[in-house]
Amino acid sequence: MKKRIFSGAQPTGELHIGNYLGALKNWVKLQDEYESFYCIVNLHAITLPQDPKILRKKTRDLARIYLAAGVDPDKATIFIQSDVSEHAELAWTLNCIARMGELERMTQFKDKGKGNTERASVGLFTYPVLMASDILLYQTDLVPVGKDQKQHLELSRDLAERFNRDFGETFVVPEPYIPPVGASILSLKDPSKKMSKSDENANAAIFLLDEADTITRKIKKAVTDSGTEIT
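Under the working numbering, the first residue of the sequence shown carries the number 272, and numbering increases by one thereafter.
Spelled out as C-alpha coordinates, the structure:
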(Lines of atoms letter the chains of each structure in order from A and count residues from 1; the text may use other names and numbers.)
(Lines give C-alpha, C1' and ligand atoms only; values in the text may rest on other atoms or scores of the structure.)
Protein backbone atom coordinates (compact mmCIF):
# COMPACT_ATOMS: atom_id res chain seq x y z
CA MET A 1 0.00 0.00 0.00
CA LYS A 2 1.28 3.45 -0.92
CA LYS A 3 1.94 5.95 1.83
CA ARG A 4 -0.30 9.00 1.88
CA ILE A 5 0.97 12.56 1.37
CA PHE A 6 -0.89 15.84 1.91
CA SER A 7 -0.07 19.38 0.88
CA GLY A 8 -1.87 22.57 -0.11
CA ALA A 9 -1.62 26.22 -1.04
CA GLN A 10 -3.68 29.30 -0.22
CA PRO A 11 -5.59 31.00 -3.05
CA THR A 12 -4.21 34.41 -2.11
CA GLY A 13 -1.74 36.41 -4.12
CA GLU A 14 -0.12 34.86 -7.17
CA LEU A 15 2.13 31.82 -7.20
CA HIS A 16 5.73 32.55 -8.16
CA ILE A 17 8.64 30.46 -9.41
CA GLY A 18 9.67 29.71 -5.83
CA ASN A 19 6.27 28.12 -5.21
CA TYR A 20 6.67 26.06 -8.38
CA LEU A 21 10.20 24.83 -7.68
CA GLY A 22 9.63 24.33 -3.97
CA ALA A 23 6.16 22.78 -4.10
CA LEU A 24 4.28 22.20 -7.36
CA LYS A 25 7.15 20.59 -9.21
CA ASN A 26 7.63 18.16 -6.32
CA TRP A 27 3.89 17.42 -6.18
CA VAL A 28 3.96 16.24 -9.79
CA LYS A 29 6.77 13.80 -8.97
CA LEU A 30 5.22 12.65 -5.70
CA GLN A 31 1.84 11.78 -7.26
CA ASP A 32 3.51 8.79 -8.93
CA GLU A 33 5.02 7.56 -5.67
CA TYR A 34 2.36 8.28 -3.03
CA GLU A 35 -1.39 8.47 -2.55
CA SER A 36 -1.51 12.24 -2.93
CA PHE A 37 -3.97 14.81 -1.60
CA TYR A 38 -3.46 18.38 -2.85
CA CYS A 39 -5.77 20.94 -1.30
CA ILE A 40 -6.69 24.55 -2.05
CA VAL A 41 -6.78 25.82 1.52
CA ASN A 42 -9.28 28.65 1.24
CA LEU A 43 -10.31 28.47 4.92
CA HIS A 44 -6.77 29.48 5.83
CA ALA A 45 -7.06 32.43 3.48
CA ILE A 46 -9.89 34.04 5.48
CA THR A 47 -7.73 34.45 8.58
CA LEU A 48 -6.95 37.78 6.89
CA PRO A 49 -9.59 40.05 5.25
CA GLN A 50 -10.72 38.81 1.82
CA ASP A 51 -13.26 39.90 -0.79
CA PRO A 52 -15.51 36.80 -1.20
CA LYS A 53 -15.92 37.23 -4.97
CA ILE A 54 -12.20 37.63 -5.54
CA LEU A 55 -11.40 34.69 -3.24
CA ARG A 56 -13.80 32.42 -5.16
CA LYS A 57 -12.15 33.41 -8.44
CA LYS A 58 -8.64 32.90 -7.06
CA THR A 59 -9.67 29.50 -5.72
CA ARG A 60 -10.72 28.38 -9.22
CA ASP A 61 -7.61 29.96 -10.74
CA LEU A 62 -5.37 28.04 -8.33
CA ALA A 63 -7.05 24.77 -9.30
CA ARG A 64 -6.20 25.57 -12.93
CA ILE A 65 -2.58 26.27 -11.98
CA TYR A 66 -2.36 22.89 -10.22
CA LEU A 67 -3.49 21.22 -13.43
CA ALA A 68 -1.25 23.34 -15.66
CA ALA A 69 1.75 22.48 -13.48
CA GLY A 70 1.14 18.79 -14.13
CA VAL A 71 -0.90 17.59 -11.15
CA ASP A 72 -3.00 14.79 -12.64
CA PRO A 73 -6.51 14.30 -11.17
CA ASP A 74 -6.30 10.65 -12.23
CA LYS A 75 -3.27 10.20 -9.97
CA ALA A 76 -3.93 12.71 -7.16
CA THR A 77 -6.95 14.07 -5.32
CA ILE A 78 -7.38 17.83 -5.87
CA PHE A 79 -10.02 19.52 -3.75
CA ILE A 80 -11.14 22.75 -2.07
CA GLN A 81 -10.80 22.80 1.71
CA SER A 82 -14.16 24.47 2.43
CA ASP A 83 -15.99 21.77 0.44
CA VAL A 84 -15.08 19.28 3.18
CA SER A 85 -16.75 20.43 6.41
CA GLU A 86 -14.79 17.88 8.45
CA HIS A 87 -11.73 20.16 8.25
CA ALA A 88 -13.44 22.75 10.44
CA GLU A 89 -15.09 20.12 12.65
CA LEU A 90 -11.83 18.37 13.46
CA ALA A 91 -10.11 21.73 13.97
CA TRP A 92 -12.58 22.53 16.76
CA THR A 93 -11.89 19.20 18.45
CA LEU A 94 -8.14 19.78 18.21
CA ASN A 95 -8.57 23.34 19.54
CA CYS A 96 -9.90 21.75 22.70
CA ILE A 97 -6.68 19.82 23.34
CA ALA A 98 -4.22 22.44 22.03
CA ARG A 99 -2.47 24.69 24.55
CA MET A 100 -2.43 28.50 24.47
CA GLY A 101 1.32 28.48 25.05
CA GLU A 102 1.88 26.27 22.00
CA LEU A 103 0.03 28.68 19.72
CA GLU A 104 1.63 31.78 21.21
CA ARG A 105 5.02 30.41 20.19
CA MET A 106 4.05 30.10 16.52
CA THR A 107 6.27 32.46 14.56
CA GLN A 108 3.85 32.92 11.64
CA PHE A 109 1.22 34.39 13.97
CA LYS A 110 3.73 36.96 15.13
CA ASP A 111 4.78 37.71 11.54
CA LYS A 112 1.28 38.00 10.08
CA GLY A 113 0.01 39.86 13.11
CA LYS A 114 2.60 42.52 12.17
CA GLY A 115 3.38 43.26 15.78
CA ASN A 116 -0.23 44.14 16.62
CA THR A 117 -1.48 40.83 17.98
CA GLU A 118 -4.23 42.51 20.00
CA ARG A 119 -6.06 43.28 16.76
CA ALA A 120 -5.23 40.02 14.98
CA SER A 121 -8.10 37.59 14.42
CA VAL A 122 -8.59 34.50 16.57
CA GLY A 123 -8.58 32.56 13.28
CA LEU A 124 -5.04 33.73 12.63
CA PHE A 125 -4.04 32.63 16.13
CA THR A 126 -5.53 29.14 15.70
CA TYR A 127 -4.36 28.81 12.07
CA PRO A 128 -1.83 26.06 13.00
CA VAL A 129 -4.61 23.95 14.55
CA LEU A 130 -6.59 24.09 11.30
CA MET A 131 -3.41 23.07 9.50
CA ALA A 132 -3.09 20.12 11.87
CA SER A 133 -6.70 19.22 11.10
CA ASP A 134 -5.97 19.28 7.36
CA ILE A 135 -3.12 16.83 7.85
CA LEU A 136 -4.59 14.49 10.45
CA LEU A 137 -8.01 14.22 8.82
CA TYR A 138 -6.58 12.13 5.97
CA GLN A 139 -4.34 9.92 8.13
CA THR A 140 -1.39 11.49 6.38
CA ASP A 141 1.95 9.70 6.52
CA LEU A 142 4.12 12.43 4.99
CA VAL A 143 3.91 16.21 4.66
CA PRO A 144 6.23 18.23 2.39
CA VAL A 145 7.54 21.06 4.55
CA GLY A 146 9.64 24.15 4.08
CA LYS A 147 11.71 25.84 6.77
CA ASP A 148 8.83 28.16 7.68
CA GLN A 149 6.38 25.28 8.24
CA LYS A 150 8.41 22.84 10.33
CA GLN A 151 7.01 24.37 13.51
CA HIS A 152 3.43 23.77 12.35
CA LEU A 153 4.11 20.14 11.50
CA GLU A 154 5.63 19.65 14.94
CA LEU A 155 2.37 20.94 16.43
CA SER A 156 0.40 18.51 14.25
CA ARG A 157 2.52 15.65 15.55
CA ASP A 158 2.11 16.80 19.16
CA LEU A 159 -1.68 17.04 18.81
CA ALA A 160 -1.90 13.60 17.18
CA GLU A 161 0.18 12.02 19.93
CA ARG A 162 -1.80 13.80 22.67
CA PHE A 163 -5.15 12.74 21.20
CA ASN A 164 -3.96 9.15 20.76
CA ARG A 165 -2.68 9.04 24.34
CA ASP A 166 -5.87 10.48 25.87
CA PHE A 167 -8.54 8.86 23.68
CA GLY A 168 -6.94 5.82 22.07
CA GLU A 169 -5.05 5.31 18.82
CA THR A 170 -6.87 7.43 16.24
CA PHE A 171 -4.47 9.43 14.11
CA VAL A 172 -1.36 8.60 12.12
CA VAL A 173 1.50 10.74 13.44
CA PRO A 174 2.79 12.45 10.27
CA GLU A 175 6.44 12.65 9.30
CA PRO A 176 8.07 15.50 7.36
CA TYR A 177 8.93 14.90 3.73
CA ILE A 178 12.18 16.65 2.92
CA PRO A 179 12.87 16.81 -0.85
CA PRO A 180 16.30 15.44 -1.85
CA VAL A 181 17.10 18.80 -3.42
CA GLY A 182 15.50 21.92 -2.00
CA ALA A 183 14.85 25.20 -3.77
CA SER A 184 14.92 28.56 -2.07
CA ILE A 185 14.32 31.40 -4.50
CA LEU A 186 15.22 34.81 -3.12
CA SER A 187 13.49 38.14 -3.62
CA LEU A 188 14.58 40.09 -6.68
CA LYS A 189 14.57 43.29 -4.62
CA ASP A 190 15.89 42.05 -1.26
CA PRO A 191 18.10 38.97 -1.64
CA SER A 192 18.27 38.61 2.13
CA LYS A 193 14.72 37.17 2.17
CA LYS A 194 12.71 34.59 0.26
CA MET A 195 10.61 35.48 -2.75
CA SER A 196 7.05 35.96 -1.49
CA LYS A 197 3.66 36.28 -3.16
CA SER A 198 2.63 38.68 -0.40
CA ASP A 199 5.51 41.09 -1.05
CA GLU A 200 4.14 44.61 -1.54
CA ASN A 201 6.66 45.17 -4.34
CA ALA A 202 5.37 43.26 -7.37
CA ASN A 203 8.82 43.48 -8.96
CA ALA A 204 10.29 41.36 -6.17
CA ALA A 205 8.87 38.11 -7.55
CA ILE A 206 8.48 36.33 -10.88
CA PHE A 207 4.92 35.04 -10.98
CA LEU A 208 3.88 31.95 -12.90
CA LEU A 209 1.41 33.95 -14.99
CA ASP A 210 3.80 36.81 -15.81
CA GLU A 211 4.27 37.59 -19.50
CA ALA A 212 7.73 36.98 -20.98
CA ASP A 213 8.38 40.72 -21.36
CA THR A 214 7.45 41.31 -17.70
CA ILE A 215 9.84 38.58 -16.57
CA THR A 216 12.67 40.07 -18.63
CA ARG A 217 12.03 43.53 -17.18
CA LYS A 218 11.98 42.23 -13.60
CA ILE A 219 15.24 40.34 -14.05
CA LYS A 220 16.97 43.37 -15.57
CA LYS A 221 15.91 45.48 -12.58
CA ALA A 222 16.79 42.87 -9.96
CA VAL A 223 19.21 43.71 -7.16
CA THR A 224 22.56 42.05 -7.80
CA ASP A 225 25.87 41.78 -5.98
CA SER A 226 27.98 44.92 -6.35
CA GLY A 227 31.20 43.06 -5.59
CA THR A 228 33.73 41.93 -8.18
CA GLU A 229 34.62 38.61 -6.58
CA ILE A 230 32.75 35.32 -6.55
CA THR A 231 32.06 34.18 -2.99
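Glycine included, every Cβ here is placed at the ideal spot set by N, Cα and C.
**OP:** Please state whether DSSP places Tyr291 in a helix, a strand or coil.
**Re:** helix
Subject >> Secondary structure of Glu306, DSSP reduced to three states >> reply: strand
Subject >> Cα-Cα separation, Ile325 to Asn313 >> reply: 12 Å
Subject >> Three CB pairs or more closer than 8 Å across the region 351–366 and the region 399–409 >> reply: yes
Original post:
What residue does the alpha helix (DSSP H) around Thr348 start on, and which one ends it?
Top reply: First-last for Thr348: Ala347 to Ile351, but that is the beta strand (DSSP E), not the alpha helix (DSSP H).
**OP:** Find out if the Cβ-Cβ distance for the pair Thr397, Asn366 is shorter than 8 Å.
**Re:** yes
Subject >> Closest Cα partner of Ala440 within the set Pro447, Glu432 and Glu306 >> reply: Note on residue identity: the sequence assigns Glu, not Ala, to residue 440. Taking only the C-alpha atoms, the option nearest Glu440 is Glu432.
Original post:
If you count every other CB in all the chains shown that lies within 10 Å of the CB of Val494, and 16 or more means buried, which is it?
Top reply: exposed
**OP:** Just the C-alpha distance for Pro344 and Asp303, rounded to the nearest angstrom, thanks.
**Re:** 12 Å
Original post:
Taking 7 Å as the line, does the beta carbon of Ser427 fall inside it for any heavy atom of the ligand GDP?
Top reply: Of the ligands one can find in the structure shown there are none, so the ligand GDP has no counterpart to examine.
Original post:
When burial is assigned at 16 or more other CB atoms within 10 Å of the CB, is Val342 buried or exposed?
Top reply: buried
Subject >> DSSP-derived helix/strand/coil call for Arg436 >> reply: helix
**OP:** Can you tell me which of Val400, Gly279, Ala369 and Ser353 puts its alpha carbon nearest to the alpha carbon of Ile336?
**Re:** Gly279
**OP:** Classify Gln410 as buried or exposed, calling it buried when 16 or more other Cβ atoms lie within 10 Å of its own Cβ.
**Re:** exposed
**OP:** Measure how close the beta-carbons of Ser469 and Gly284 come, nearest whole angstrom, since I'm counting them as under 8 Å.
**Re:** 5 Å
**OP:** Let me know the secondary structure DSSP gives Phe277 once reduced to three states.
**Re:** strand
**OP:** Classify Phe396 as helix, strand or coil using the three-state DSSP reduction.
**Re:** helix
Original post:
Taking Ser307 as the reference, which of Glu375, Ala339 and Ala347 has the closest Cα?
Top reply: Ala347
Subject >> Where Tyr448 falls: helix, strand or coil (DSSP) >> reply: strand
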